[in-house]
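Novice:
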Amino acid sequence: MATAQAELTARMADQFGLEIIRFRHWDSLLFGDGEVQKMFTPKSKRIMLGAPKDRMIIGDLIFVPVRAFTTLRAPSQKFERPEHWAGCPIANFPWLTGYCWLSDMPVDRRLIQGIRELVDALPDYEKGWEEQFGEGFFANEPRQTVAALVAFLRRLAPEPSSGSREI
């Protein structure tokens, strides 16, 4: 039986034509597949004081060097939780929240476009990450990388003007 997180990920992958990368305990949408895999792990959250069906999409941007991927035992197509990675919650980019409403309607394309703009602002190769954030960036604890990552992305992806995020 699929989890709610796996179902949301599959729904978004189907709607936007994105590939899914499966880990032991979660699924992610693949946005970039260079030497550093750029992913978004969507989750849904109930909106406070709303009805149970009133939900929004939350989640994390996750960046993993390809060398850090370890597959589970065959025949599984899933990966272990990577030891070396960086990431941050999309809640750090408030301009995305207006596109996070989750209903029976399709997910707002502007959410995916905003995520794509964020991940596209980051290098595809480990060397680029080291040039931008310092040597051994992925060897740090993920919580140590969040502040630098968020600050960098906020500078490059300021709040959009209305209507500029259409795909």
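Residue numbering for the sequence shown follows this note's numbering, starting at 173 and increasing by one per position. Note that CB positions come from ideal geometry on N, CA and C, so glycine has one too.
(1) Would you kindly work out how many angstroms separate the C-alpha atoms of K217 and R227, rounded to a whole number?
(2) May I have the straight-line CA-CA distance separating I219 from L274, to the nearest angstrom?
(3) CA-CA distance, W254 and A319?
(4) Expressed to the nearest angstrom, what Euclidean distance is found between the alpha-carbon atoms of F212 and F251?
(5) Thinking just about the alpha-carbon of each residue, which of A185, R315, A323 is nearest to the one in Q304?
(6) On a CA-only basis, which of L283, G306, I193 is nearest V236? Give me that one, please.
(7) Less than 6 Å between C-beta atoms, sequence neighbours within five positions excluded: which residues of the same chain meet that for L294?
Specialist: Reading off the structure:
(1) 5 Å
(2) 10 Å
(3) Reading off the sequence, residue 254 comes out as Pro, not Trp. Taking the straight line joining both Cα atoms gives about 20 Å.
(4) 15 Å
(5) A323
(6) I193
(7) none
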